[in-house]
Amino acid sequence: MIPISWYLFLSAALFSVGLFGVLVRKNAIAILLSVELMLNAVNINLVSFWRYGNTADMAGQVFSIIVFAVAAAEVAVGLSLVYSVYRRRNTVIADELDMMKW
Amino acid sequence: MNFNLMAVFPELLLLALAVVILVVDPFWKDSNRKNNLGWLATLGLFGVILASLLFAAPAQDQLALGGMVRYDGLGFVFKMLFIFTAAVSSLFFMDSEKLANRAEAYVLLIAATIGMNFMASSTDLVMIYLAIETTSIPMYVLSGFMLDDKRSTEAGFKYLLFGAFTSAIFLYGLSLVYGFSGTTQISDMRGFFGTFNPVSGGLLFLLIVGLGFKISLVPFHFWAPDTYEGAPTPVAGFLSTASKAAGFALLMRLFVMAFPQMAEHWQMLLAVMATLSMTLGNLVALAQTNIKRLLAYSSIAHAGYALVGLVANSKFGIESVVYYLIAYVATNLAAFGIIAVFQKSTGSDEIRAFDGMSRRSPYLGLAMLAAFLSLSGMPPFGGFIAKVLVFAAAMEAGWTWLVIVGVLNSIVGVYYYLTVLKYVYLYRMEGEVEEGHPIHSSRPAVIALSIASLGVIVVGVIFSPWFGMATRAAASLF
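If you read the protein sequences in the order shown, they are chains Y and W. Under this note's numbering, think of the first position of the first sequence as 6, with each following residue one higher. Under this note's numbering, think of the first position of the second sequence as 97, with each following residue one higher.
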């Protein structure tokens, strides 16, 4: 069997890619996508910890399913907020939304 | 397994109230809707508090609903505080043109309150994550609720981006906590995080990112000023009080119950963040010209003060934090309420617009005096005793340097709070007779402001019932 550390490294790599994306990308949609990558990293973590731990205890799986559901809700709200900003301001670039500073 | 439904009694009632509001809303005529909705929500919320106090006060601390929540004093005290905040906020909602006619606004407020209740009582990682998101998602929508207002949509947008980002980081921390301990029950985790190493240190940091966002600690505070300024003022008031207190409730429970053996390390980490929050919050607040931004930076500083009590990590420390939050919630509700009334009447939220306000509306000026003196920590208002308790707890635990930083920061704070009061009381409107520009306030706003201002004074003058609540809350953690 593949050692668990492989999965953890994969998840850490995915998380870092997501983190990088959030910090570097300017487009709001791209930022939301990067957040999704981070959540997927979490899911890999949860499922692999469950598989390599006590499989009778379903907490890890339940947790990852709930993460899916909540992520979907968050993105739905997120996209509608992005849309409402776009209708007002005609942009989804985070840097250009700077009405309020200091 | 214990299926004690009394553990979630307040949440069940809140859910029922939300459903009732949605169902009856279409049956009202447009002319009645505004008043009916607001009064239904407010009286319903006060009813929930009353019913919970009568029937659902926990006799002894126990895990309930399969270990998802803990039915204990800490959770109960905070739940009552959140529902009270929501009730007062819904009175302010009634006063706001954009929110008052919309049933969704009240339902979202109640949904966020349900999430906060679970944040204060959950003891399982799954439930903790779910509770945080149940709180955050309605708050994103409420912050961006005024679709025709550029600043409001931008506020909701920024809050969402920061919130989604930090909650993903927090969740990554939770997944590692689950992996290392093999359980999602925070009460079973005590033994697993015994010694400190770089991994567990990083883990603590991941968790603090998520919770630091909720309580707007430096360096996770960037969203706060923008969101407070842009969001509808009653929403900003709710966000800065209940949402922050919920973050503290969760932070206390998680760190004290799950990581007692790593206490030295998270105490140090939190002490550094408290110092940064107090210092940066107060210094940047000095330069603000917008009253809502000023209060945002002041609330960042106040998160730092309250954290000082948690750093003490003693029973007295937790008591002092709970007391601090009770005083802070009453004070900030009053402060944001005054701004909401003022903004509605004059259309401005710049500090200079407050010139001669005490002559335009003496009672509003008086309420502002009470709220701002309490924020700056003057007796006999709530903020004074709260600060004394927090600093005393830290002194007792030997954090002298942190207390010195806190006291110095309080002095900086006094300056900018008094500057605002200077405009209100000493300055005059230029070339105008103030009596000719009275500030109108509607009945719900007057009731809400009276409750909040009275709270500010009562928390500061009558000590024992509030400290009794705080003691009850702290007893369930130790």
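Glycine included, C-beta positions come from ideal geometry on N, C-alpha and C. Please read these numbers as outputs of a predicted model, since none were measured by experiment.
Contacts that residue i makes with chain W (C-beta to C-beta distance below 7 Å)
{"i": "glycine 65 (chain Y)", "result": "Tyr274"}
Residue i versus residue j - alpha carbon distance
{"i": "leucine 108 (chain W)", "j": "alanine 183 (chain W)", "result": "16 Å"}
{"i": "alanine 447 (chain W)", "j": "tyrosine 511 (chain W)", "result": "At residue 447 (chain W) the sequence reads isoleucine, which differs from the alanine that was named. Between isoleucine 447 (chain W) and tyrosine 511 (chain W), the C-alpha separation is close to 14 Å."}
{"i": "leucine 609 (chain W)", "j": "isoleucine 7 (chain Y)", "result": "Nothing can be reported for residue 609 (chain W), as the shown portion of chain W is limited to 97 through 574."}
{"i": "leucine 161 (chain W)", "j": "methionine 353 (chain W)", "result": "19 Å"}
{"i": "glutamate 229 (chain W)", "j": "histidine 317 (chain W)", "result": "18 Å"}
{"i": "alanine 570 (chain W)", "j": "isoleucine 414 (chain W)", "result": "6 Å"}
{"i": "threonine 337 (chain W)", "j": "threonine 181 (chain W)", "result": "8 Å"}
{"i": "threonine 219 (chain W)", "j": "valine 418 (chain W)", "result": "19 Å"}
{"i": "valine 557 (chain W)", "j": "alanine 544 (chain W)", "result": "20 Å"}
{"i": "proline 154 (chain W)", "j": "isoleucine 145 (chain W)", "result": "14 Å"}
{"i": "tyrosine 521 (chain W)", "j": "alanine 64 (chain Y)", "result": "59 Å"}
{"i": "phenylalanine 344 (chain W)", "j": "phenylalanine 559 (chain W)", "result": "22 Å"}
{"i": "isoleucine 206 (chain W)", "j": "histidine 398 (chain W)", "result": "25 Å"}
{"i": "histidine 533 (chain W)", "j": "arginine 524 (chain W)", "result": "12 Å"}
{"i": "lysine 246 (chain W)", "j": "glutamate 325 (chain W)", "result": "12 Å"}
{"i": "lysine 340 (chain W)", "j": "valine 425 (chain W)", "result": "9 Å"}
{"i": "serine 85 (chain Y)", "j": "serine 248 (chain W)", "result": "14 Å"}
{"i": "tryptophan 107 (chain Y)", "j": "serine 394 (chain W)", "result": "With a pLDDT of only 49 at tryptophan 107 (chain Y), under the threshold of 50, the placement of this residue in the model should not be trusted, and no figure is reported."}
{"i": "serine 457 (chain W)", "j": "valine 437 (chain W)", "result": "11 Å"}
{"i": "leucine 270 (chain W)", "j": "methionine 348 (chain W)", "result": "16 Å"}
{"i": "glycine 306 (chain W)", "j": "phenylalanine 266 (chain W)", "result": "5 Å"}
{"i": "valine 484 (chain W)", "j": "alanine 264 (chain W)", "result": "36 Å"}
{"i": "serine 232 (chain W)", "j": "serine 53 (chain Y)", "result": "28 Å"}
{"i": "leucine 573 (chain W)", "j": "leucine 170 (chain W)", "result": "8 Å"}
{"i": "valine 368 (chain W)", "j": "glutamate 526 (chain W)", "result": "45 Å"}
{"i": "arginine 568 (chain W)", "j": "glycine 140 (chain W)", "result": "26 Å"}
Within chain Y, partners of residue i - CB distance below 7 Å
{"i": "glutamate 360 (chain W)", "result": "Near glutamate 360 (chain W) there are no residues of chain Y at all, since even the closest Cβ is about 27 Å away, more than 7 Å."}
{"i": "lysine 246 (chain W)", "result": "Arg93, Arg94 and Met104"}
{"i": "phenylalanine 261 (chain W)", "result": "Val27 and Val40"}
{"i": "isoleucine 233 (chain W)", "result": "Ala78, Glu79 and Val82"}
{"i": "valine 237 (chain W)", "result": "Val82"}
{"i": "glycine 240 (chain W)", "result": "Leu86 and Ser89"}
Cross-chain neighbours of residue i in chain Y, by beta carbon under 8 Å
{"i": "serine 394 (chain W)", "result": "Here the premise fails: no neighbours, minimum Cβ distance about 15 Å."}
{"i": "tyrosine 268 (chain W)", "result": "Phe20, Met43, Ala46, Val47 and Asn50"}
{"i": "serine 454 (chain W)", "result": "Residues of chain Y passing the Cβ test: none, with the nearest at roughly 28 Å."}
{"i": "leucine 226 (chain W)", "result": "Ile71 and Val75"}
{"i": "glutamate 229 (chain W)", "result": "Val75, Ala78 and Glu79"}
{"i": "alanine 397 (chain W)", "result": "Residues of chain Y passing the Cβ test: none, with the nearest at roughly 16 Å."}
{"i": "valine 222 (chain W)", "result": "Ala64, Val67, Phe68 and Ile71"}
{"i": "serine 312 (chain W)", "result": "Neighbours of serine 312 (chain W) on chain Y: none; closest Cβ ~15 Å, over 8 Å."}
Chain-ordered neighbours of residue i on chain W, where CB pairs are closer than 8 Å
{"i": "alanine 33 (chain Y)", "result": "Phe253 and Leu257"}
Contact set between residue i and chain W, taken where Cβ atoms lie within less than 9 Å
{"i": "isoleucine 36 (chain Y)", "result": "Leu257, Ala260 and Phe261"}
Interface residues of chain Y facing residue i [CB-CB closer than 9 Å]
{"i": "glutamate 250 (chain W)", "result": "Val90, Arg93, Arg94, Leu102, Asp103, Met104 and Met105"}
{"i": "leucine 243 (chain W)", "result": "Ser89, Arg92 and Arg93"}
Do the segment 430-445 of chain W and the segment 333-346 of chain W touch if we need at least three Cβ pairs shorter than 8 Å? yes
Between the segment 19-34 of chain Y and the segment 272-289 of chain W, do three or more beta carbon pairs fall short of 8 Å? no
Taking a cut of 8 Å between CB atoms, which residues from the segment 276-300 of chain W lie near chain Y? Gly278, Thr279 and Thr280
Residues of the segment 77-89 of chain Y with a CB closer than 7 Å to any CB of chain W: list them in chain order, please. Ala78, Glu79, Val82, Gly83, Leu86, Val87 and Ser89
Curious, which full-length alpha helix (DSSP H) runs of at least 4 residues does the segment 439-499 of chain W contain? 453-456, 458-472 and 478-492
Under 7 Å, CB to CB, which of the residues in the segment 43-71 of chain Y have a partner in chain W? Met43, Leu44, Ala46, Val47, Asn50, Leu51, Phe54, Gly58, Asn59, Ala64, Gly65, Val67, Phe68 and Ile71
Decide if the segment 287-297 of chain W is in contact with the segment 397-406 of chain W; the criterion is three or more beta carbon pairs, one per stretch, under 8 Å apart. no
Using 8 Å as the cut-off, can you tell me whether the segment 544-551 of chain W makes contact with the segment 459-474 of chain W, which would need three or more C-beta pairs spanning the two stretches below that distance? yes
Starting from the N-terminal side, write out each stretch of the alpha helix (DSSP H) that is 4 residues or longer and does not extend beyond the segment 323-354 of chain W. 329-334 and 340-354
Considering only residues of the segment 382-413 of chain W, which uninterrupted alpha helix (DSSP H) runs meet the minimum length of 4 residues and lie entirely inside it, listed in chain order? 387-408
Minimum length 3: unbroken beta strand (DSSP E) runs contained in the segment 485-565 of chain W: none
The segment 551-569 of chain W in contact with the segment 468-487 of chain W per 3-pair CB rule at 8 Å: yes
Residues, ordered as in the chain, of the segment 7-19 of chain Y that lie near chain W by beta-carbon distance below 7 Å: none
Check whether the segment 72-88 of chain Y touches the segment 254-266 of chain W, taking contact to mean three or more Cβ pairs, one atom from each stretch, closer than 8 Å. yes
Would you call the segment 371-387 of chain W and the segment 302-320 of chain W in contact, with 3 or more CB pairs under 8 Å? yes
Do the segment 484-498 of chain W and the segment 436-443 of chain W make contact, defined as three or more Cβ pairs closer than 8 Å? no
For the 8 Å Cβ check, are there 3 or more pairs between the segment 50-62 of chain Y and the segment 91-103 of chain Y? no
Is the segment 189-203 of chain W close to the segment 129-136 of chain W, with three or more CB pairs under 8 Å? yes
Below 8 Å, how does it come out for the segment 40-51 of chain Y and the segment 18-25 of chain Y: are there three or more Cβ pairs, yes or no? yes
Beta carbons nearer than 8 Å to chain Y: which residues of the segment 315-346 of chain W have them? Pro321, Asp322, Glu325 and Gly326
Any chance you could list the alpha helix (DSSP H) runs of at least 4 consecutive residues sitting entirely within the segment 31-98 of chain Y, in chain order? 33-57 and 64-94
Below 9 Å between beta carbons is the criterion; list the residues of the segment 353-384 of chain W that meet it against any residue of chain Y, in chain order. Val380, Ala383 and Gln384
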